[in-house]
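J.:
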Amino acid sequence: YMAYDAVQHFEDIRLRTRETQENRIPEIIYQVFGYVIAINHFKDDLYVFEHRYAGEAPGTRDGLNYLVSLIQNKNFPSYQFQTRGEESSNMTDATFLEVLANGQRHCKLGDVFQIVLSRRFAQSFTGDEFNVYRALRSVNPSPYLFYFDFGSFKIFGSSPEAQITIKQQVATIYPIAGTFRRTGNDQADAQLAQELYDDPKENAEHVMLVDLARNDLSRNGTRVEVETFKEIQYYSHVIHLVSKVTGRMDEGVATVQMVADTFPAGTLSGAPKHRAMQLIDQYEPTARGYYGGCIGFMGFNGDFNHAIMIRSFLSKDNVLYYQAGAGVVAKSNVHSELQEVTNKLAALRKALLLAHNMD
-17 YMAYDAVQHF EDIRLRTRET QENRIPEIIY QVFGYVIAIN HFKDDLYVFE
33 HRYAGEAPGT RDGLNYLVSL IQNKNFPSYQ FQTRGEESSN MTDATFLEVL
83 ANGQRHCKLG DVFQIVLSRR FAQSFTGDEF NVYRALRSVN PSPYLFYFDF
133 GSFKIFGSSP EAQITIKQQV ATIYPIAGTF RRTGNDQADA QLAQELYDDP
183 KENAEHVMLV DLARNDLSRN GTRVEVETFK EIQYYSHVIH LVSKVTGRMD
233 EGVATVQMVA DTFPAGTLSG APKHRAMQLI DQYEPTARGY YGGCIGFMGF
283 NGDFNHAIMI RSFLSKDNVL YYQAGAGVVA KSNVHSELQE VTNKLAALRK
333 ALLLAHNMD
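Heads up: the sequence shown begins at -17 in this note's numbering, then just goes up one per residue.
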């Protein structure tokens, strides 16, 4: 993964050092695994792979047989999950409204066209947080479902949005901007979807982020195209506007360079991106850390597929941290943006409740 704060290694920007307990994690981690388990959920097939160094003879390690024996073992412990105390936040509602109003003021002054301002929450717990991930998979099935255990901390979530995908030298960004909360009634949701599609504020925000994706891909790419524009997509708790922007990487450009060109996602920062990040650093009281970064895999062939770390948890020292933001433009209603953060966190809070009853 790459945390949001890792942008300092790619761009000419310096963020304030605001180290807190949850931020004491590496900004960048990538690992090569000796053993990989791949599961085809459609066919109920499971594959186990062993990676060896060149010249290493087969059978020199016994890890593969041991791994298979663990998989075949039907006796395994189960652990409970329980929240402890009340949820806390790094800002009150009133303070966050002030932050949103400041963001809107900068939009009206012309400093930025759009800025994504976020708010962090924390919940102490006892037991096994893997139950929260199990619940989250159930209540919020998304294109990216992930659970990474790094030993002293864990990152897991159900992200709807790719940071960037690269396959056979074609880079793709899927800007998601425009959010309405679902009602639970299909007919009412269809009407809301049309209102979202026609909403001037949501459209202005979406167009800006599509343009930003085009610009980012053009830095080291050609034949940049908007293949899909303003597609309505339904998720468990919200409705989104989604587009698809592609570009062919220039000859000789490394995958990591293209990733750096597009990091962090415009949908998590704003436009122009550099100034938006400076203002985010000025107004958000705590460093973002993992939130707004990206997580996934990259291949030795240059392929890359990472989710944006949204709708996600960081677990550290028996505290779960989770965060959401709202895109502010000149015509925003700050109270609506406050509600948007609540809407985006609805699935995570529901997962916390459901995890109590899991065995």
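We put the CB at the ideal spot given by N, CA and C, even for glycine.
For the beta strand (DSSP E) holding Asp27, just list the boundary residues, first then last.
T.: Position 45 of the sequence shown, counted from the first residue, corresponds to residue 27. Where Asp27 is concerned, the enclosing beta strand (DSSP E) stretches over 27 to 32.
J.: Opposite Arg101 in the DSSP bridges: which residues?
T.: Sequence index remark: in the sequence shown, residue 101 carries index 119 (1-based). DSSP, once it has assigned bridges, lists Ala306 as partnering Arg101.
J.: Excluding five sequence neighbours on each side, which residues of the same chain lie with their C-beta closer than 8 Å to the C-beta of Lys28?
T.: Residue 28 sits at position 46 when you count from the first residue of the sequence shown. Note on residue identity: the sequence assigns Leu, not Lys, to residue 28. So the list reads Ile19, Ala20, Ile21, Asn22, Ile53, once near-sequence residues are dropped.
J.: DSSP three-state label for Leu(-3), please.
T.: Looking up residue -3 in the sequence shown gives position 15. Three-state DSSP puts Leu(-3) in coil, outside helix and strand.
J.: Hey, is the segment 67 to 83 in contact with the segment 286 to 300, meaning 3+ C-beta pairs nearer than 8 Å?
T.: As far as the Cβ criterion goes, the segment 67 to 83 does not touch the segment 286 to 300, which means the pair count is below three.
J.: In the DSSP assignment, find the alpha helix (DSSP H) that holds Arg331 and state where it starts and stops.
T.: Residue mapping note: residue 331 aligns to position 349 of the sequence shown, counting from 1. That run of the alpha helix (DSSP H) goes 316 to 336.
J.: Would Ala247 be called buried (16 or more neighbouring beta carbons within 10 Å of its own) or exposed?
T.: Taking the first residue of the sequence shown as position 1, residue 247 is located at position 265. Under this definition Ala247 is a buried residue.
J.: Step through the CB atoms of chain D and report whether any lies within less than 9 Å of the CB of Ser251.
T.: The chain labelled as chain D is not found in the depicted structure, where only one protein chain is given.
J.: Between which two residues does the alpha helix (DSSP H) holding Tyr179 run?
T.: Here the question's residue 179 lines up with position 197 in the sequence shown. It spans 168 to 180 - the alpha helix (DSSP H) in which Tyr179 sits, taken as one unbroken run.
J.: When the distance is taken between beta carbons, is Gly85 closer than 9 Å to Val323?
T.: For this step, residue 323 is matched to residue 341 along the sequence shown. For this step, residue 85 is matched to residue 103 along the sequence shown. It is not a contact, given that the beta carbons lie outside the stated cut-off.
J.: When burial is assigned at 16 or more other CB atoms within 10 Å of the CB, is Thr74 buried or exposed?
T.: Position 92 of the sequence shown, counting from 1, holds the residue named residue 74. With fewer than 16 Cβ atoms within 10 Å of its Cβ, Thr74 is classed as exposed.
J.: Between the alpha carbons of Gly234 and Leu199, how many angstroms are there, rounded?
T.: As a first step, residue 234 is located in the sequence shown; it is residue number 252 there, counting from the start. As a first step, residue 199 is located in the sequence shown; it is residue number 217 there, counting from the start. So the alpha carbons of these two residues sit roughly 15 Å apart.
J.: Give the C-beta separation of Pro157 and Pro142 to the nearest angstrom, bearing in mind that I take them to be a contact with Cβ-Cβ under 8 Å.
T.: Against the sequence shown, residue 157 aligns to sequence position 175. Against the sequence shown, residue 142 aligns to sequence position 160. About 12 Å; that fails the 8 Å criterion.
J.: Where does Ala258 fall in DSSP's three states?
T.: Taking the sequence shown and counting its residues from 1, one reaches residue 258 at position 276. Reduced to three states, the DSSP call for Ala258 is helix.
J.: Quick check: what's the CA-CA separation for Leu(-2) versus Leu46?
T.: Counting from 1 along the sequence shown, the entry for residue -2 is found at position 16. Counting from 1 along the sequence shown, the entry for residue 46 is found at position 64. Before going further, note that residue -2 is Arg rather than Leu in the sequence given. Answer to the nearest angstrom: the Cα atoms are 46 Å apart.
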